[in-house]
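Report on the structure given below.
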Amino acid sequence: MGRYHLFSAVRALLEHLGSDGGLLITLDDLHCADEASMELVAHLVRHPPAGPVLMALAHRPRQLDHNLQDVLNQAVANGRAKRVVAAGISREAALALLPEDMSRVQCDLMLDESDRNPGLLKAYSALRSIPGEHTPIMPRLPLDVLTDTLRDFRALSDLAWQVAGAAAVLGEPFIPADVGYVACVSGEELCSAIDELVREDLLRVDGVTRRLRFSNPLLRAAAYQTAGTGWLFGADGRAAPILAQQGGDPLDLAGYLQYAAVTGDTDSSRILLEAAAETLWTDPGQAATWAATAMGMSRPGPGTGPETLLLGSALMLSGKLSQGMTVLDGLRGEDESHPIHLKATLWRAWALRNLGRPDGADQEIAAP
643 MGRYHLFSAV
653 RALLEHLGSD
663 GGLLITLDDL
673 HCADEASMEL
683 VAHLVRHPPA
693 GPVLMALAHR
703 PRQLDHNLQD
713 VLNQAVANGR
723 AKRVVAAGIS
733 REAALALLPE
743 DMSRVQCDLM
753 LDESDRNPGL
763 LKAYSALRSI
773 PGEHTPIMPR
783 LPLDVLTDTL
793 RDFRALSDLA
803 WQVAGAAAVL
813 GEPFIPADVG
823 YVACVSGEEL
833 CSAIDELVRE
843 DLLRVDGVTR
853 RLRFSNPLLR
863 AAAYQTAGTG
873 WLFGADGRAA
883 PILAQQGGDP
893 LDLAGYLQYA
903 AVTGDTDSSR
913 ILLEAAAETL
923 WTDPGQAATW
933 AATAMGMSRP
943 GPGTGPETLL
953 LGSALMLSGK
963 LSQGMTVLDG
973 LRGEDESHPI
983 HLKATLWRAW
993 ALRNLGRPDG
1003 ADQEIAAP
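Per my numbering, the sequence shown starts with residue 643, numbered consecutively.
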């Protein structure tokens, strides 16, 4: 009864405020309101203030409280309310939010991915890319973009945060069982967390495959970025065998496999080496990390020449010239006519020249 009397008092106050010239009440982000505020709005919709009082309510349809949603739907059906769907911005207005030097192909991709949502477009513009567009490993969001994105996470329980982090590790789309394994939660906990994430419109269900995906790429990037570093090491390791079984590009898998290194795992070692070779000239630092991990997984024995050459050259290209030369020194026992020996010699000579030792480079090439 106390709350009902309070609501009636608010209704009377609004009638008084609107008695002299009318009153307009605007409430934005209604889906973020607390329970008591939603009950008050529902009361005012069912029992509208008398006189020229107009309420304009803005909310996300997927996240609004079901009880309040029912009240609003009934008001629309009875003619006491009108639902207005916000029109999307024009293509010209959307393009104006993107950098002028961005290619037309990239602009079209961002328009399609964002559905011309201004908030998403501004974030993609700041990133100059769509998070996760080419790889499941998430880039770090700028602080302002991360802060805005995390507003959608504020109502989550700790369990839902953990499951969201596991989903971000797996990539998209994903099945609930895989998320539960990576998150290390029980089946009951998993179902509860997924219900919460879907209710908050962070996850959506693919109607055909019944798989799950994040509502937009920024949500996945934020979930990944805010997960603890130590927890991510374990989660990436648990996700690696799942993703390897699904197949995929070596670049997509290497970021996970580097945290799941096991001596003798030749399949994972091969994938890491393929990824390292593919990124040698574009990201030599990452290539060196993957090559070193792969070599650590290999059992000692013949056939390590190509791996050693790859690691040494990656170290040199990433600026670690002396360290790269030390690695390539391990190939000095190779047959001089072998291509690996010749390539290693050229790499060492190149490093010596860049270290300001041209005489040493000449001696390296001239050595028998």
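Note that the Cβ used here is the ideal one computed from N, Cα and C, for glycine as well.
In this text the structure is predicted, and so the values were computed from the model without any measurement.
- The C-beta distance from residue 772 to residue 755 rounds to 5 Å, short enough to fall under 8 Å.
- Secondary structure of residue 999 (DSSP, three-state): coil.
- Taking 4 residues as the minimum length, the alpha helix (DSSP H) runs contained wholly in the segment 768-843 are 785-791, 800-812, 818-825, 829-841, in order along the chain.
- Secondary structure of residue 696 (DSSP, three-state): strand.
- By the 16-neighbour rule on beta-carbons within 10 angstroms, residue 760 is exposed.
- In this structure, residue 682 lies near residue 652, with their beta-carbon atoms less than 9 Å apart.
- Looking only at 957, 800, 707, the smallest Cα-Cα distance to residue 841 is reached by 707.
- When C-alpha distances from residue 970 are compared across 987, 959, 960, 961, the shortest belongs to 987.
- Taking C-beta atoms under 8 Å as the contact rule, residue 811 and residue 878 qualify, at a distance of about 6 Å.
- Secondary structure at residue 969: helix, using DSSP grouped into helix, strand and coil.
- Within 10 angstroms of the beta-carbon of residue 828 lie fewer than 16 other beta-carbons, which makes it exposed.
- Residue 853 carries a coil assignment under DSSP once its states are collapsed to helix, strand and coil.
- Between residue 930 and residue 967, the gap from beta carbon to beta carbon reaches 9 Å or more.
- DSSP places residue 739 outside both helix and strand once states are collapsed to three, so it counts as coil.
- Going by C-alpha positions, residue 750 is about 22 Å away from residue 855.
- With distances taken between CA atoms, residue 670 lies nearest to 680 out of 680, 974, 806, 880.
- Taking the Cα positions, residue 668 is about 32 Å away from residue 847.
- For the 9 Å CB-CB criterion, residue 915 and residue 936 form a contact.
- Restricted to the segment 853-896, the alpha helix (DSSP H) segments that are unbroken, complete and at least 4 residues in length are 859-867, 871-887, listed in chain order.
- It is roughly 36 Å from the alpha-carbon of residue 723 to the alpha-carbon of residue 806.
- Taken through DSSP and simplified to helix, strand or coil, residue 722 comes out as coil.
- C-alpha of residue 747 to C-alpha of residue 692: approximately 54 Å in a straight line.
- Assignment of residue 845 by DSSP, reduced to helix, strand and coil, places it in the strand class.
- Rounded to the nearest angstrom, the gap between the Cα atoms of residue 991 and residue 913 is 29 Å.
- When beta bridges are read from the DSSP output, residue 668 appears opposite 698.
- Here residue 938 is exposed: its Cβ has fewer than 16 other Cβ atoms, across all protein chains shown, within 10 Å.
- With a contact defined as Cβ atoms closer than 8 Å, residue 932 and residue 900 qualify at about 6 Å.
- Listed in chain order, the non-local C-beta contacts of residue 672 below 6 Å within the same chain comprise 699, 701, local neighbours out to five positions each way being set aside.
- Sixteen is the threshold: when 16 or more other Cβ atoms of the shown chains lie within 10 Å of the Cβ of residue 884, as they do, the residue is buried.
- Rounded to whole angstroms, the gap between the alpha carbons of residue 826 and residue 666 is 50 Å.
- Restricting attention to 804, 1007, 959, the CA atom closest to the CA of residue 996 is found in 959.
- Under the three-state reduction of DSSP, residue 747 is assigned to helix.
- Here residue 728 is exposed, its C-beta having fewer than 16 other C-beta atoms within 10 Å.
- The beta-carbon separation of residue 765 and residue 648, rounded to 40 Å, does not stay under the 8 Å limit for a contact.
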